[in-house]
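Asks:
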Amino acid sequence: MIESPAANTAKAESGFGRFSFSFRDAGTLIGLVIIVAFFATLVPGFLSERNLINILQQSSINACLALGMTLVIISGGIDLSVGPTAAISAVMTATLLVSGIPVPLAILAGLGVGVVCGFINGVLVAYVGLQPFIVTLGTLSTYRAVALIYTGGNPVLGIPAGFRSLFNGTIAGIPIPVVIVAVVAVITWVLLKKTPIGEYLLAVGGNEEAAYVAGVPIARTKITAYVISGALAALASLILIGRLGAAEPILGNLWELDAIAAAAIGGASLMGGKGSVVGTILGAIILGTMRNGLTLMNVQAFYQLLATGLIILVAMMIDRATRGRE
Amino acid sequence: MSALLAGILHAWEDAMTNAPRLRFEAMVKSFPGVRALSDVSFDVMPGEIHGLLGENGAGKSTLLRILSGVFKPTSGSIFVDGEPVSFRTPMDSRAAGIAMIHQELQQVRHLSVAQNMFLGHPLTSLGGVLVARREQERRAAEALAMIDPGIDPSAPISSLKVAQRQIVEIARALLDRAKIIAMDEPTSSLTPSEFDRLAEVISQLSASGVAIIYVSHKMDEVFKICQRASVMRDGRLVGNVDLSSVSHHDVITMMVGRALLQEDHVSHATNTVKLEANNLSSATKIRDVSFRLHKGEVLGIAGLVGSGRTELLRLLAGVDRLSAGTIAVDGKTVDLVNPRAAISIGIGLVPEERKREGIVPGRSVTNNMALASLGSFAKGGVIRKSRLRDTAQDLLRRVNLRPFQLDRPIRLFSGGNQQKAIIARWLAAKSQILLFDEPTRGIDVGAKAEIYHLIEALAADGHSIIVVSSELPEVIRLSDRVLVMRDGRLAAEIARTDLTEGAIVAHAIPGVDRIAAAAS
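Sequence order for the protein chains is L and S.
To convert, take the position in the first sequence, counting from 1, and add 839; that gives the working numbering.
To convert, take the position in the second sequence, counting from 1, and add 143; that gives the working numbering.
#1: With DSSP collapsed to three states, give me the class of ILE323 (chain S).
#2: Please specify which runs of the alpha helix (DSSP H), each continuous and at least 4 residues long, are wholly inside the segment 546 to 629 of chain S, giving them in chain order.
#3: Tell me, to the nearest whole angstrom, how far the beta carbon of GLY1069 (chain L) is from that of GLY953 (chain L); I am working on the premise that it is less than 8 Å.
#4: If the criterion is Cβ atoms closer than 8 Å, does the pair LEU868 (chain L) and LEU919 (chain L) meet it?
#5: VAL588 (chain S) CB to nearest chain L CB: under 8 Å?
#6: Using a Cβ-Cβ cutoff of less than 6 Å, which residues in the same chain neighbour THR909 (chain L) once the five nearest sequence positions on both sides are dropped?
#7: Let me know the secondary structure DSSP gives LYS172 (chain S) once reduced to three states.
#8: Any idea what DSSP makes of ALA354 (chain S), helix, strand or coil?
#9: Just verifying my parser: in three-state terms, what is the DSSP assignment at THR796 (chain L)?
#10: So with Cβ pairs under 8 Å, would you call ARG568 (chain S) a contact of chain L?
#11: Leaving aside the five residues before and after GLY1127 (chain L) along the sequence, list all residues of the same chain whose C-beta is less than 6 Å from its C-beta, in chain order.
#12: Straight-line CA distance for ILE553 (chain S) to PRO1014 (chain L)?
#13: Is it right to say ILE1026 (chain L) is buried, meaning 16 or more other beta carbons lie within 10 angstroms of its own, or is it exposed?
#14: Which bits of chain L does LEU492 (chain S) rub up against, with CB to CB less than 8 Å?
#15: For LEU1149 (chain L), count neighbouring Cβ atoms within 10 angstroms of its own Cβ and tell me buried if that reaches 16, exposed if not.
#16: Just checking: is the beta-carbon of ALA521 (chain S) within a distance shorter than 8 Å of some beta-carbon in chain L?
#17: With a threshold of 6 Å on Cβ separation, who are the neighbours of ALA179 (chain S) within its own chain once the five nearest residues in sequence on each side are excluded?
#18: Using 8 Å for Cβ pairs, my map puts GLY1084 (chain L) next to ILE1019 (chain L). What's the rounded Cβ distance?
#19: Going by beta-carbon coordinates alone, are LEU479 (chain S) and LEU423 (chain S) separated by less than 8 Å?
#20: Going by DSSP, what residues sit across from PHE1006 (chain L) in a beta bridge?
#21: Give a yes or no on whether the minimum CB-CB distance between VAL611 (chain S) and chain L is below 8 Å.
#22: Note down, in chain order, every chain S residue with its Cβ under 8 Å from the Cβ of THR1034 (chain L).
#23: Report back the beta-carbon spacing between ARG632 (chain S) and VAL432 (chain S) to the nearest angstrom; my notes put them in contact at under 8 Å.
#24: With a floor of 4 residues, list each alpha helix (DSSP H) that falls wholly inside the segment 406 to 492 of chain S, ordered by position along the chain.
#25: Taking 8 Å as the CB-CB cut-off, is GLU617 (chain S) touching chain L?
#26: Could you spell out the range, first to last residue, of the alpha helix (DSSP H) harbouring LEU935 (chain L)?
#27: Which ranges would you report for the alpha helix (DSSP H) in the segment 1080 to 1104 of chain L if only whole runs of at least 4 residues count?
#28: Under 7 Å: does the beta carbon of ILE241 (chain S) sit that close to some heavy atom of the ligand GTP?
#29: Applying the 10 Å Cβ sphere with the 16-neighbour rule, what's the burial state of MET1155 (chain L)?
#30: Looking only at its own chain, which residues have a Cβ that is under 6 Å from the Cβ of ILE1089 (chain L), when we skip the five neighbours before and after it?
#31: Classify THR87 (chain S) as helix, strand or coil using the three-state DSSP reduction.
#32: What first and last residue would you give for the beta strand (DSSP E) that runs through VAL381 (chain S)?
#33: Determine whether the Cβ of LEU1041 (chain L) lies closer than 8 Å to any Cβ atom of chain S.
#34: Since I believe VAL365 (chain S) is in contact with TYR357 (chain S) (beta carbons under 8 Å), could you give me their beta-carbon distance rounded to a whole number of angstroms?
#35: Looking at the strands, I want to know which residues DSSP matches up with GLU226 (chain S).
#36: Tell me whether the beta-carbon of ILE310 (chain S) lies closer than 8 Å to the beta-carbon of ILE300 (chain S).
Structure below.
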């Protein structure tokens, strides 16, 4: 007459458990579809191929940062220093390019700067034992100061065309920055879903103490996350200076907030242990779509900011409501 | 006339004393798709200590949560002293004189003992503006003095051992002057002497008219403390028993719905030394501990909570560092700098606090199993799903995981099945030395027997096993040999043939061995 309670809960919960990851991504996708449909009805030409590619291109820098941010957030941390990291990398790379260093070397040096910045964050978190928020709050100012001091506060101008064409071209009609970020996204997805490092990130963020007892290399795992975040911030800066042709030491201001927002909309939990590469990419595209659509509707910047803020809050409330009691 | 009056008075008194302090009537609680409680009714009289028994998932916790105002019942009523009550919040329940002592301690780690005891209703001065810390600590000390005067009310709660924190919870109920106290496995981390003290406190409480509901998996305790018990299974009340007229075995059979076999101990110990510890000391607790663990042996470690048992296991598992001494595995001295190093040598720890140190709650049972040996599933840096799945199928079946759903998040499994997954973790890592810290803490009777069988099967397989346990019957059931610890040192080694609860207690408690020696 009455089913055994144990068997019943098992059925219900396992269904939820197995599909929860893709459920969450599907939710983000539905959100994106609704937003696209909204603008498609109000803005003529919104759905044109050119505009859609435009949205992807505009989202690519934030998506690049947000991928690194997602890994850091999954590990239970946060990286507030991505903007200044990008700035140091940008001014260093630009200076090298202007002084005539070959393009591949300059790119490597730029990415190397990002790796070093991330490594410093990681060591301070993992070995010194400071809280991630505080560490990257400190390096947020420190790295920015380094970029400003290095350039004397002036932009580095005259980036050679050879470098610019690398980031401004298209492959099969798709802008190169979009292709680069797509490749990075695939690599990140594999890293998170298919490699021991990904599982370690999820374990460290999910329960650091249990992960330690189970032999997970805690420090190495955390440092890896910050190093990737730093490297991707540097990559984002290269995309940007390729587009602009100049590197400003104040570049990347508030980038960290957009990156965190994209990761959170995509399902990353700031408590750690949870996050999705697919979700983060969709989250970055949602933010890009909002900005693009509102600009095309000639909405003032103040109201764009308002709309972006509300989207983040609404997304999180829907997330909370559909997750149920835990 | 006066005889009539006396008669009426007498009847009235009778009625008063016979009114149950607490009465559940036809309690039903449904969750979407699940009926957690079906038509549960029973009474608890003033001064009665009433056992509430059942396996995990039998509905005990649901009933207690309704009593404490966390859940609202779907139907049914609760009466306190004959008056119907209904609680919308835990505060309502508390105001009605009901105190709940949870198995999972609900305390704020950074606050002091006294602050925790007055959490939510602090004593204040200056008309509610300032917290009267001194007064709180004085009153807390009074309540604590009844159970454990050794606890300093101004100490941070995080500095206390689990057992002491449990005592603080009980003292808090005393402070509330509760007339109904529900205790959910209050002794799951107490030692025998602490239990005796708790039993005294409980009988004091009951003598003053407090009704006590006592949930425990330990039959000995229930029979010692309680007069009556209600037994639940699958959300129903299976029976109300007078404990003086039934046996342990009867009650367990009612709980499980089938009889559990009593089994004899079989030793698989060999003479090959697997691990040798020489003069181990640590900054935490351990002083000059030496012993040998053989291949196929189950070595029990007994002692009071705080005697250094857990700390010793943590040294062997590489979680804490040695300050002096050496550890050799297979005759070779090893340096256990961290758990990773210990795991690579083949040592695995099944920790006491499963939620905190064992599982990654959101990950699947398969991923939790594989966490210590991910490298072995990877090829070219990428984890091979099929290899992982095959191993999970094999090992999780071997430990009899239930339900057998390999992708289900581990937090949705019962404690017993989480424990099985942790054991499978060390099988996957091919660990030869397994360290169990309180292997059946918070695990129900049925799963407990399964864990015992697993440990025995592992020993038969040639694994070397150390079991730390506060439950003496468990130590005796499992061990080929028992080491007794006291104040961080080894107090005694007891061979299987001399193994009795009395022998262990005599060595575990300071002074008792001398008394015992003098008596013999």
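Every residue gets a Cβ at the ideal spot worked out from N, C-alpha and C, and that includes glycine.
Replies: In short, the structure shows the following:
#1: In the second sequence, residue 323 (chain S) corresponds to position 180, counting from 1. ILE323 (chain S) falls in the strand class under three-state DSSP.
#2: Runs of the alpha helix (DSSP H) inside the segment 546 to 629 of chain S: 558 to 571, 588 to 603 and 615 to 621.
#3: Within the first sequence, the letter at position 230 stands for residue 1069 (chain L). Within the first sequence, the letter at position 114 stands for residue 953 (chain L). The C-beta distance from GLY1069 (chain L) to GLY953 (chain L) rounds to 4 Å, short enough to fall under 8 Å.
#4: Here residue 868 (chain L) is taken as the residue at index 29 of the first sequence, counted from 1. Here residue 919 (chain L) is taken as the residue at index 80 of the first sequence, counted from 1. Not in contact: LEU868 (chain L) and LEU919 (chain L) (Cβ atoms no closer than 8 Å).
#5: Residue 588 (chain S) sits at position 445 when you count from the first residue of the second sequence. Look at VAL588 (chain S): its C-beta is not under 8 Å from any C-beta on chain L.
#6: Translated into positions along the first sequence, residue 909 (chain L) becomes position 70. Same-chain partners within the cutoff: ALA1102, ALA1107, GLY1114 and THR1119.
#7: Numbered from 1 along the second sequence, position 29 holds the residue referred to as residue 172 (chain S). When DSSP states are grouped into helix, strand and coil, LYS172 (chain S) belongs to the strand group.
#8: Within the second sequence, numbered from 1, the residue matching residue 354 (chain S) stands at position 211. Look at ALA354 (chain S) here: in three-state DSSP terms it is strand.
#9: No answer is possible for residue 796 (chain L): the residues shown for chain L start at 840 and end at 1165.
#10: Locating residue 568 (chain S) in the second sequence gives position 425, counting from the first residue. Chain L has a Cβ within less than 8 Å of the Cβ of ARG568 (chain S).
#11: Stepping through the first sequence from its first residue, residue 1127 (chain L) is reached at position 288. Taken in chain order, the residues that qualify are ILE894, GLN897 and SER898.
#12: Position 410 of the second sequence, counted from the first residue, corresponds to residue 553 (chain S). Position 175 of the first sequence, counted from the first residue, corresponds to residue 1014 (chain L). Cα to Cα, ILE553 (chain S) sits roughly 43 Å from PRO1014 (chain L).
#13: Start at 1 with the first residue of the first sequence, and residue 1026 (chain L) comes out as number 187. Within a 10 Å sphere around the beta-carbon of ILE1026 (chain L) sit fewer than 16 other beta-carbons, which makes this residue exposed.
#14: Here residue 492 (chain S) is taken as the residue at index 349 of the second sequence, counted from 1. Near LEU492 (chain S) (Cβ distances below 8 Å), the residues of chain L are VAL1052.
#15: Taking the first sequence and counting its residues from 1, the one referred to as residue 1149 (chain L) is at position 310. With fewer than 16 Cβ atoms within 10 Å of its Cβ, LEU1149 (chain L) is classed as exposed.
#16: One-based indexing of the second sequence puts residue 521 (chain S) at position 378. Chain L contact via Cβ: present.
#17: Against the second sequence, residue 179 (chain S) aligns to sequence position 36. The residues are LYS172, GLY202, THR205 and GLY378.
#18: Counting from one through the first sequence, the residue named residue 1084 (chain L) turns up at place 245. Counting from one through the first sequence, the residue named residue 1019 (chain L) turns up at place 180. Not quite, the Cβ-Cβ distance comes to about 18 Å (not below 8 Å), so this is no contact.
#19: The residue labelled residue 479 (chain S) in the question sits at position 336 within the second sequence. The residue labelled residue 423 (chain S) in the question sits at position 280 within the second sequence. Not closer than 8 Å, so no.
#20: One-based indexing of the first sequence puts residue 1006 (chain L) at position 167. Under the DSSP definition of a beta bridge, PHE1006 (chain L) lacks any partner.
#21: The residue labelled residue 611 (chain S) in the question sits at position 468 within the second sequence. No, VAL611 (chain S) lies away from the interface with chain L (no Cβ there is under 8 Å from its Cβ).
#22: For the purposes of this step, residue 1034 (chain L) is taken as residue 195 along the first sequence, with counting starting at 1. By Cβ distance, chain S contributes ALA521, GLY524, VAL525 and ILE526.
#23: What you label residue 632 (chain S) is simply residue 489 of the second sequence in a count that begins at 1. What you label residue 432 (chain S) is simply residue 289 of the second sequence in a count that begins at 1. About 7 Å separates the CB atoms of ARG632 (chain S) and VAL432 (chain S); that is less than 8 Å, so the two are in contact.
#24: As summarised for the segment 406 to 492 of chain S, the continuous alpha helix (DSSP H) elements at least 4 residues long and confined to that stretch are 452 to 459 and 482 to 488, given in chain order.
#25: Counting from 1 along the second sequence, the entry for residue 617 (chain S) is found at position 474. By the rule that beta-carbons nearer than 8 Å mark a contact, GLU617 (chain S) does not touch chain L.
#26: The count along the first sequence starts at 1 and reaches residue 935 (chain L) at position 96. LEU935 (chain L) -> alpha helix (DSSP H) spans 921 to 937.
#27: As far as the segment 1080 to 1104 of chain L is concerned, its whole alpha helix (DSSP H) runs of at least 4 residues are 1094 to 1104.
#28: Ligands are entirely absent from the displayed structure, and the ligand GTP is therefore not among its contents.
#29: As a first step, residue 1155 (chain L) is located in the first sequence; it is residue number 316 there, counting from the start. Exposed is the call here.
#30: By one-based count along the first sequence, residue 1089 (chain L) stands at place 250. So no residue of the chain qualifies.
#31: A question about residue 87 (chain S) goes unanswered here, because the residues of chain S that appear run from 144 up to 663.
#32: Within the second sequence, residue 381 (chain S) is the residue found at index 238, counting from 1. That run of the beta strand (DSSP E) goes 379 to 385.
#33: Residue mapping note: residue 1041 (chain L) aligns to position 202 of the first sequence, counting from 1. Closer than 8 Å to some Cβ of chain S, the Cβ of LEU1041 (chain L) qualifies, so yes.
#34: Looking up residue 357 (chain S) in the second sequence gives position 214. Looking up residue 365 (chain S) in the second sequence gives position 222. Yes, TYR357 (chain S) and VAL365 (chain S) are in contact; Cβ-Cβ is about 7 Å, under 8 Å.
#35: Along the second sequence, one-based indexing puts residue 226 (chain S) at 83. Paired residues: S:VAL223.
#36: Reading the second sequence from its first residue, position 167 is the one you call residue 310 (chain S). Reading the second sequence from its first residue, position 157 is the one you call residue 300 (chain S). Here ILE310 (chain S) is not near ILE300 (chain S), since their CB atoms are 8 Å or more apart.
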